[in-house]
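J.:
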Amino acid sequence: MPSSERKQEEKTREETQEEQKPEASEQEPSQGVIEEGEALTDDIDKLLDEIDELLEEDAEEFVENYIQRGGE
Amino acid sequence: MAQPKIMGVETEYGIMVRHAADFDPVASSTLVVNSYKDRELRSVVWDYEEESPHLDARGFQADPSGPTPDDASNAVINDILVNGGRYYVDHAHPEYCTPECTNARDLVTYDRAGELILDMSCRMAEQLLDNRRELIIYKNNSDGKGHSYGCHENYLVDRAIPFQGLVDGMTPFLVTRQIFAGSGKTGAENGAEGVDFQISQRADFFETEVGLSTMVDRPIINTRDEPHADEKQYRRFHVIVGDANMSEFTTYLKVGTTAVVLQMLEDGVVGGEFRLRDPVAAMRSVSRDLTCSEPLRLEGAREMSALEIQRSYQRLAAEYVTANAATDPYHEITADVVQKWGEVLDALGDDPMKLQRDIDWVIKYAWLRAYRDRHGLAWDDHRLSMLDLQYHDIRPNVGIFHRLQKAGRVRRVVSQDAVIHAITNPPLDTRAFFRGTCLKRFPGEIHAASWNSLIFDVEGKSLQKVPMQYPQRGTREMVGALLQKCNSAAELLAAIEAKPNADDAGGR
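These protein sequences, in sequence, are chains A and B.
Take the first sequence: its letter number 15 is residue 37 in the working numbering, and every next letter is one higher.
Take the second sequence: its letter number 315 is residue 988 in the working numbering, and every next letter is one higher.
1) Does DSSP put B/E899 in a helix, a strand or coil?
2) With a Cβ-Cβ cutoff of 8 Å, do B/Y686 and B/H766 count as a contact?
3) Taking DSSP's pairing of strands, which residues face B/H825 in a bridge?
4) Work out the CA separation of B/M793 and B/Q1089 for me, nearest whole Å.
5) Looking at C-beta atoms only, is the number of pairs between the region 843–851 of chain B and the region 1008–1026 of chain B that lie closer than 8 Å three or more?
6) Determine the direct distance from the alpha carbon of B/P1140 to that of B/F824, and round the result to whole angstroms.
7) Please list the terminal residues of the continuous alpha helix (DSSP H) segment that includes B/S794.
8) Go ahead and pull the three-state DSSP assignment for B/M674.
9) Return the CA-CA distance between B/A675 and B/R1084, expressed in angstroms with no decimal places.
10) State the Cα-Cα distance for the pair B/L1165 and B/L714, rounded to the nearest angstrom.
11) Can you list, in chain order, the residues of its chain with a C-beta nearer than 6 Å to that of B/D1102? Leave out the 5 residues immediately preceding and following it.
12) Quick one: list the residues of chain A neighbouring B/Q1063, beta-carbon separation under 8 Å, in chain order.
13) Going along chain A in order, which residues have a C-beta closer than 7 Å to the C-beta of B/R1056?
14) Considering only residues of the region 855–935 of chain B, which uninterrupted beta strand (DSSP E) runs meet the minimum length of 3 residues and lie entirely inside it, listed in chain order?
15) Please report whether the beta-carbon of A/D64 lies at a distance below 8 Å from any beta-carbon of chain B.
16) Following the continuous alpha helix (DSSP H) through B/R1076, name the residue where it begins and the one where it ends.
17) Can you tell me whether DSSP reads B/A1051 as helix, strand or coil?
18) If we cut at 8 Å on Cβ distances, does B/L1060 have a partner in chain A?
19) From the DSSP output, in three-state form, read off B/E807 for me.
20) Who are the neighbours of B/H663 on chain A, taking C-beta pairs under 7 Å?
21) Return yes when the Cβ of B/R970 is within less than 8 Å of the Cβ of B/E976, no when it is not.
22) Could you give the residue range of the alpha helix (DSSP H) that holds B/V749?
23) Return the chain-ordered list of same chain residues with a C-beta closer than 8 Å to the C-beta of B/Y1044, the five sequence neighbours on each side being excluded.
24) Reducing DSSP to helix, strand and coil, say where B/K1027 ends up.
25) Just verifying my parser: in three-state terms, what is the DSSP assignment at B/Q1137?
26) Tell me whether B/H901 is buried or exposed, calling it buried when 16 or more other Cβ atoms sit within 10 Å of its Cβ.
27) Would you check if the region 1104–1123 of chain B and the region 803–816 of chain B touch, i.e. whether three or more CB-CB distances between them fall below 8 Å?
28) Could you confirm whether any beta carbon from chain A is found closer than 8 Å to the beta carbon of B/G855?
29) Compute the Euclidean distance between the alpha carbons of B/G1081 and A/L69, then round it to the nearest angstrom.
30) List the residues of chain A that B/T887 touches, going by C-beta distances under 9 Å, in chain order.
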């Protein structure tokens, strides 16, 4: 992906992440960027839903039972 | 410019079987490795005569080498792959070693191919298990309870560098490299200071600066001096501090930057200018500093942060790569690595969260935080430990990293097609080409293999060993036409013997 596109995508993503300080921007983001931003927020929510479904249900027992012998 | 680094990565995978109270990691690892084995290569063994893991780079033999397995068990625990790599049972883990590669991009490709091999093995092995039993493989380095297993990198370096030069030049680099090479971990282990989340899976396990052991009292610089090549010319730089990475981009930077710093060391461009006062303590403190900017004490009453140390190495590398553009056969990749390295360091200095699709620890941290916020969890909640573990699950539909990758949320370096191709095809530009191609072409006539030898078993003759002491030889360019021409191993051996410089396969 060309770096200009990547930068744009990173910027868009930053704007969607609550924990990130929004970058001081000199101009209003274009309509296209806002829409894409909303789509990405949905995407994050969808992925978190998916993680909820994917995570082993018996997390406590599962994690407790994961014991390895040292290797190397 | 110093020679391109021949390099490889060996990964021990975590293993468990669901719904199996009697789970035995050795038996399960053996089942997994054997399930993958090609029927025609079932009896090929590993040539242990070429192994000397107790030889110390400081110039002595630590203890006599242990017993080697007999041929029957040797064939059961070893699988020499047609891609030139090795797949075997190491203690209680399945381990995959990439073939020898000449550049970071190839190494990422073969590392990822290994994950697919492991995943395919499990699906095949499960057909032999009770219905409910499920094999789960993790590409991580710790069980969260103080047991660690490794992801080791190997770089072939010039014997002319004094060992102490390697220690001085590489220790500060390796201690601080984790800021872009770490895979992230919830909690602390091995008696280290408690923490919610840290950058490295492995940092808590390092207890000494230099040593031979990889299992106890782990050293930052490992002295295993087993080059699997002409030992007069080369030594092996065996890196054991690294994390196993899920992110291709993280692996790419980890091995690419390390290779170029080693080349600079060989050319005298870097030396001992960043020597840390206490490298062992710094391993842990860097892993706990998510800003990457807390000062570390250097020799000579100086202070620099992990980020500043890395910036210094990167700036030197940028000049070095430009100055040597004409003589580096892999310049395009080396230059790309060094440029991305600079970009990543800039982002880390600005706001590490900018790297949440690029660098493993940041990707993991971002999703752990989002999940934690959604459910209002404490950092020591089991669901976060579960998410941490499942990030490393190699199953494409269940592993969290793989789900993120499928959703386009992480940065890739190589194409999936290239990864699939690398499962059954060796790299073209190292002796792995000779090894892999011989295994493909003459499977019934190979008795044993190692990194630096192939032993042929041709009907009516005693076993014949072809030494491969030079990893830069045995390439497609050198032996491709010869291999194509020969219809049997006997023909190949006769042709090698008849050649006046019979060393193209890898040397005498």
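For glycine and all other residues, C-beta sits at the position ideal for the given N, C-alpha and C.
T.: A quick look at the data gives this:
1) Numbered from its first residue, the second sequence carries residue 899 of chain B at position 226. The answer is coil: DSSP assigns B/E899 none of H, G, I, E or B.
2) Counted from its first residue, the second sequence places residue 686 of chain B at position 13. Counted from its first residue, the second sequence places residue 766 of chain B at position 93. Contact: yes.
3) Mapped onto the second sequence, residue 825 of chain B falls at position 152. B/H825 pairs with B/E683.
4) Against the second sequence, residue 1089 of chain B aligns to sequence position 416. Against the second sequence, residue 793 of chain B aligns to sequence position 120. The alpha-carbon atoms of B/Q1089 and B/M793 are separated by roughly 15 Å.
5) Proximity of the region 843–851 of chain B to the region 1008–1026 of chain B falls short of the contact definition, fewer than three beta-carbon pairs being nearer than 8 Å.
6) Residue 824 of chain B sits at position 151 when you count from the first residue of the second sequence. Residue 1140 of chain B sits at position 467 when you count from the first residue of the second sequence. It should be pointed out that residue 824 of chain B corresponds to Cys in this sequence rather than to Phe. Each residue's CA atom was taken as its position, placing B/C824 and B/P1140 some 27 Å apart.
7) Reading the second sequence from its first residue, position 121 is the one you call residue 794 of chain B. Per DSSP, B/S794 is one residue of the alpha helix (DSSP H) stretching across A777 to E799.
8) The residue labelled residue 674 of chain B in the question sits at position 1 within the second sequence. B/M674 falls in the coil class under three-state DSSP.
9) Position 2 of the second sequence, counted from the start, is the residue given in the question as residue 675 of chain B. Position 411 of the second sequence, counted from the start, is the residue given in the question as residue 1084 of chain B. Those two C-alpha atoms are separated by around 30 Å.
10) Position 492 of the second sequence, counted from the first residue, corresponds to residue 1165 of chain B. Position 41 of the second sequence, counted from the first residue, corresponds to residue 714 of chain B. Computed Cα separation, rounded: 19 Å.
11) Your numbering for residue 1102 of chain B matches position 429 in the second sequence. Here the set comprises T775 and T1148.
12) Locating residue 1063 of chain B in the second sequence gives position 390, where the first residue counts as 1. Under the 8 Å cutoff, chain A gives L76, L77 and E78.
13) For this step, residue 1056 of chain B is matched to residue 383 along the second sequence. Ordered by position in chain A, the residues that pass the 7 Å Cβ test against B/R1056 are L77 and A81.
14) Within the region 855–935 of chain B, the beta strand (DSSP E) runs of at least 3 residues that lie entirely inside it are, in chain order, 879–884, 891–895 and 907–912.
15) Mapped onto the first sequence, residue 64 of chain A falls at position 42. Not closer than 8 Å to any Cβ of chain B, the Cβ of A/D64 fails to qualify, so no.
16) Position 403 of the second sequence, counting from 1, holds the residue named residue 1076 of chain B. Looking at the DSSP string, the run of the alpha helix (DSSP H) that includes B/R1076 is I1073 to K1079.
17) Position 378 of the second sequence, counted from the start, is the residue given in the question as residue 1051 of chain B. Note: B/A1051 maps to coil in three-state DSSP.
18) The sequence position of residue 1060 of chain B within the second sequence is 387, counting from 1. At least one chain A Cβ lies under 8 Å of B/L1060.
19) Along the second sequence, read from residue 1 onward, the residue named residue 807 of chain B stands at position 134. The answer is strand: DSSP assigns B/E807 an E or B state.
20) No statement about residue 663 of chain B is possible, as the shown extent of chain B runs from 674 to 1181 and does not include it.
21) On the second sequence, residue 976 of chain B is found 303 positions in, with the first residue counted as 1. On the second sequence, residue 970 of chain B is found 297 positions in, with the first residue counted as 1. Cβ atoms of B/E976 and B/R970: closer than 8 Å.
22) On the second sequence, position 76 is the one that residue 749 of chain B refers to. Residues D744 to I750.
23) Stepping through the second sequence from its first residue, residue 1044 of chain B is reached at position 371. So the list reads L1050, R1056, L1057 and L1060, once near-sequence residues are dropped.
24) Within the second sequence, residue 1027 of chain B is the residue found at index 354, counting from 1. Helix, per DSSP.
25) Along the second sequence, one-based indexing puts residue 1137 of chain B at 464. Here B/Q1137 sits in strand by DSSP.
26) Counted from its first residue, the second sequence places residue 901 of chain B at position 228. By the 10 Å Cβ count, B/H901 comes out buried.
27) These segments do not touch.
28) As a first step, residue 855 of chain B is located in the second sequence; it is residue number 182 there, counting from the start. With 8 Å as the cut-off, B/G855 does not count as an interface residue toward chain A.
29) Looking up residue 1081 of chain B in the second sequence gives position 408. Looking up residue 69 of chain A in the first sequence gives position 47. About 11 Å.
30) On the second sequence, position 214 is the one that residue 887 of chain B refers to. Those within 9 Å of B/T887 in chain A are G93 and E94.
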